[in-house]
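**Student:** Numbers given in my numbering equal positions in the sequence shown, counted from 1, plus 1. Positions of the beta carbon are idealized from the N, C-alpha and C atoms, including for glycine. Here it is, the structure, as C-alpha cells.
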Amino acid sequence: MIQVRFAGLGGQGIILMGEILGEAAVLDKKYVGQASSYGSEARGSACKADVVISDSWIDYPEVTEADILACMSQGTYEMHKGKVNPSTGIIFIDTQMVRPDPSSSLKHIPIPANELALRELGNRMAANMVLLGAVVKTAGLVSEGALLQSLSKRVPASFLETNQKAITLGFSLAQQGE
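Okay, structure coming up:
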C-alpha cells in the first residue's frame with residue numbers, strides 16, 4: 002500500500018491531481034481510497050487530496066502516514082510535513098512555492114513545476130500536472146498510459162493538450178533525476 006498526499010492552495014488544481022491519480026490507479030486494476038478537503042473559500046485556502054493505492058482491500062481512504070507528500074505552497078508544506086513516514090517518506094516540492102525545512106531529515110525532491118509550466122507551456126495553471134507527472138514517474142505509482150487516459154476523462158478538451166504536455170514534461174523531469 003502507498004499513501005500519497007497532494008497539498009496546496011485552492012485554485013492550484015490539487016483536488017484534480019488526486020482525482021486523476023486515483024482514477025489512473027483504478028485503470029491499472031488497483032484498489033483506491035480517495036479523500037479531499039479544502040477551505041471555505043474557492044481559491045487561496047489550504048486544500049489537500051489523499052490517494053491510497055493498494056493491491057488489496059483498503060480499510061481507510063485517507064492518508065494516515067504519507068509515503069509521498071507533494072506540496073505546492075509553503076503553508077501546506079508546514080502543515081503536512083509532520084505526516085510523512087519518517088523512514089521512507091519522500092516530499093516533492095514546487096521550488097518556486099516551497100522552501101524545504103533545512104532541519105528535516107526527510108528526502109525532498111525539488112520540482113520547478115511553476116517555472117517550467119510558464120516557460121515551456123506559457124501557462125502557470127499547468128504546474129500541477131508537471132508536478133503530478135514527476136511524482137508518478139519517480140515513484141512508479143501508475144502506468145503513464147493510465148495517467149494520460151485518466152487525464153483525458155477529467156480535463157475539458159480545450160485544456161487537454163496543454164495538460165498532456167505538462168504531464169509529459171513532469172515525466173521527463175523524473176527521468177533526468179534518475
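Alpha carbon to alpha carbon, how far is Ile92 from Lys108?
**Tutor:** Computed Cα separation, rounded: 6 Å.
**Student:** Looking at Ala114: is its Cβ nearer than 8 Å to the Cβ of Val137?
**Tutor:** Cβ distance not < 8 Å, so Ala114 and Val137 don't count as in contact.
**Student:** Could you please give the first and the last residue of the uninterrupted alpha helix (DSSP H) stretch that includes Val146?
**Tutor:** Position check: residue 146 holds Gly in this sequence, whereas Val was assumed. First-last of the alpha helix (DSSP H) with Gly146: 145–155.
**Student:** Report yes or no: do three or more beta-carbon pairs, one from the region 73–82 and one from the region 31–51, lie closer than 8 Å?
**Tutor:** Contact holds: three or more Cβ-Cβ distances are below 8 Å.
**Student:** Rounded to whole angstroms, what is the Cα-Cα separation between Asp95 and Gly34?
**Tutor:** Answer to the nearest angstrom: the Cα atoms are 25 Å apart.
**Student:** If you drop the 5 nearest sequence neighbours on each side, which residues of the same chain put their C-beta closer than 6 Å to that of Glu24?
**Tutor:** The answer, listed in chain order, is Ser151.
**Student:** Quick one: what does DSSP say Ile16 is sitting in, helix, strand or coil?
**Tutor:** The answer is helix: DSSP assigns Ile16 an H, G or I state.
**Student:** Which of helix, strand or coil does DSSP assign to Tyr32?
**Tutor:** Three-state result, Tyr32: strand.
**Student:** Report the three-state DSSP secondary structure of Tyr39 (helix, strand or coil).
**Tutor:** Strand.
**Student:** Where do the ends of the beta strand (DSSP E) carrying Val53 lie?
**Tutor:** Note, Val53: beta strand (DSSP E), 47–55.
**Student:** So, at 7 Å on beta carbons, what are the nonlocal neighbours of Arg120 in its own chain, with the 5 sequence-adjacent residues on each side left out?
**Tutor:** Answer for Arg120: no residue qualifies.
**Student:** For Val156, which residues of its own chain have a beta-carbon under 7 Å away from its beta-carbon, when the five flanking residues on both sides are left out?
**Tutor:** Contacts found: Asn164.
**Student:** Taking DSSP as the reference, what is the three-state secondary structure of Val5?
**Tutor:** Strand at Val5.
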